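One structure is given below, encoded as structure tokens.
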Amino acid sequence: MRIERSTRGTVLVVALRGELDGAVASEVHDELDGLVAGGGGGVALDLGGMTYVSSAGLRFLLLVHHHARRRGVRLALAGVRPDVHEVMAATGFIDAFVVADSVDDAVEALVR
Amino acid sequence: MTAHRLVVDGLGAPSRLVAGFVSALAACAGLPPRQAYRLRLATDEITTNIAVHGYRDRGGPVDLRGRVEPEVVRVCIEDEAPPFDPTGHDPAPRVAAGPTAVLGGYGLFLALRSVDHFAYVHVGGRNRTTLCVLRCAAGG
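Chains A and B supply the protein sequences, listed in that same order. Residue numbers for the first sequence follow UniProt numbering, beginning at 1 and rising by one. Residue numbers for the second sequence follow UniProt numbering, beginning at 1 and rising by one.
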């Protein structure tokens, strides 16, 4: 999994590229958690390049979401691919997040 | 019929090995991407559950065999952990509670719903879980 960061105004955009399974989730947890903690102006998680997620990956995303909320950081998901969206919807995880079709839409939702 | 076999030690998350195993099987069968994703997810969740809960992270053999048949692709997973029937797992209360109430435990739920046929039997002191997906996706 590759993690890329950029900014759009005050919003931090964090792109996750690759597969988020049990092995990867434990490897990238600290890095992503640290990035999100510093996203005071909101964080858009760009999942357009995330091609696979398992239950361990979902649990990881939800933990990041919980930590962000505790720190008062707003989080939105962008560009979720259909297979990944299906897994998130089946488990109800999708309802915990603000979800946008694109990074632009996610940024707009976060600064609104 | 094509057969693939993988033996993992049940230590840690076996997701990487499972990914390669299912990817090779799916390529051999010409599975559509959605079917390949579903088969990988179910295989990943079951083997991870065996490693983490069955063997309690102490390790043990997990034997995966894959077979391409005319209508389906079949993955058979065997382990020597204590008997556990995933089909007896009722996901309804957990799903109803929602992920913000209950953080974990969705793996078996996803495995059960991802495949077109799921079977379990305890035979010869081993758990045997069989996962099948249709080679042509029904309804997409």
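C-beta atoms are modelled at their ideal positions from N, C-alpha and C, and glycine is treated no differently. Bear in mind the structure is a predicted one, so any value in this text is a computation, not a measurement.
Exercise. Would you call the stretch 104-118 of chain B and the stretch 54-62 of chain A touching, i.e. three or more CB-CB distances under 8 Å?
Worked result: Because the criterion of three Cβ pairs below 8 Å is met, the stretch 104-118 of chain B and the stretch 54-62 of chain A touch.
Exercise. Which of the three DSSP states, helix, strand or coil, is assigned to A/MET1?
Worked result: Position 1 of the first sequence holds residue 1 of chain A. The three-state secondary structure of A/MET1, taken from DSSP, is coil.
Exercise. For the alpha helix (DSSP H) that contains B/THR47, what are its first and last residues?
Worked result: Within the second sequence, residue 47 of chain B is the residue found at index 47, counting from 1. The continuous alpha helix (DSSP H) containing B/THR47 extends over residues 33-49.
Exercise. Does any CB atom of chain A fall closer than 8 Å to the CB of B/SER15?
Worked result: Position 15 of the second sequence, counted from the first residue, corresponds to residue 15 of chain B. Chain A, which has a Cβ nearer than 8 Å to the Cβ of B/SER15, makes this yes.
Exercise. Under the three-state reduction of DSSP, which class applies to B/CYS76: helix, strand or coil?
Worked result: Within the second sequence, the letter at position 76 stands for residue 76 of chain B. Looking at B/CYS76 - three-state DSSP - the assignment turns out to be strand.
Exercise. In or out: A/VAL14 buried (at least 16 other Cβ within 10 Å) or exposed?
Worked result: For the purposes of this step, residue 14 of chain A is identified with residue 14 of the first sequence, where counting begins at 1. Under this definition A/VAL14 is a buried residue.
Exercise. Quick one: what does DSSP say B/THR87 is sitting in, helix, strand or coil?
Worked result: The sequence position of residue 87 of chain B within the second sequence is 87, counting from 1. B/THR87 falls in the helix class under three-state DSSP.
For this session: Out of A/VAL11, A/ARG17 and A/THR10, point me to the one whose CA is closest to A/GLY79's CA.
Result: Taking the first residue of the first sequence as position 1, residue 79 of chain A is located at position 79. Minimum Cα-Cα distance from A/GLY79 among the listed residues A/VAL11, A/ARG17 and A/THR10 corresponds to A/ARG17.
Exercise. Any beta-carbon of chain B closer than 8 Å to the one on A/THR10?
Worked result: As a first step, residue 10 of chain A must be located in the first sequence, where it is residue number 10. At a cut-off of 8 Å, the C-beta of A/THR10 has no neighbouring C-beta in chain B.
Exercise. Is the beta carbon of B/VAL73 sitting closer than 8 Å to the one on B/ARG128?
Worked result: Taking the first residue of the second sequence as 1, we reach residue 73 of chain B at position 73. Taking the first residue of the second sequence as 1, we reach residue 128 of chain B at position 128. In this structure, B/VAL73 keeps its C-beta atom at 8 Å or more from the C-beta atom of B/ARG128.
Problem set entry | Length of the line joining the Cα atoms of A/LEU110 and B/VAL95 | Taking the first sequence and counting its residues from 1, one reaches residue 110 of chain A at position 110. Taking the second sequence and counting its residues from 1, one reaches residue 95 of chain B at position 95. A/LEU110 and B/VAL95 have their C-alpha atoms spaced approximately 28 Å apart.
Problem set entry | Partner residues on chain B for A/SER54, Cβ-Cβ distance less than 8 Å | Within the first sequence, residue 54 of chain A is the residue found at index 54, counting from 1. Simply SER15, LEU41, ASP44, GLU45, THR48, GLY107 and LEU110.
For this session: Starting from B/ARG113, find everything on chain A with Cβ-Cβ shorter than 8 Å and list it in chain order.
Result: The count along the second sequence starts at 1 and reaches residue 113 of chain B at position 113. Ordered by position in chain A, the residues that pass the 8 Å Cβ test against B/ARG113 are ALA90.
Exercise. To which residues does DSSP link A/GLY18 through a beta bridge?
Worked result: For the purposes of this step, residue 18 of chain A is identified with residue 18 of the first sequence, where counting begins at 1. Answer is A/MET50.
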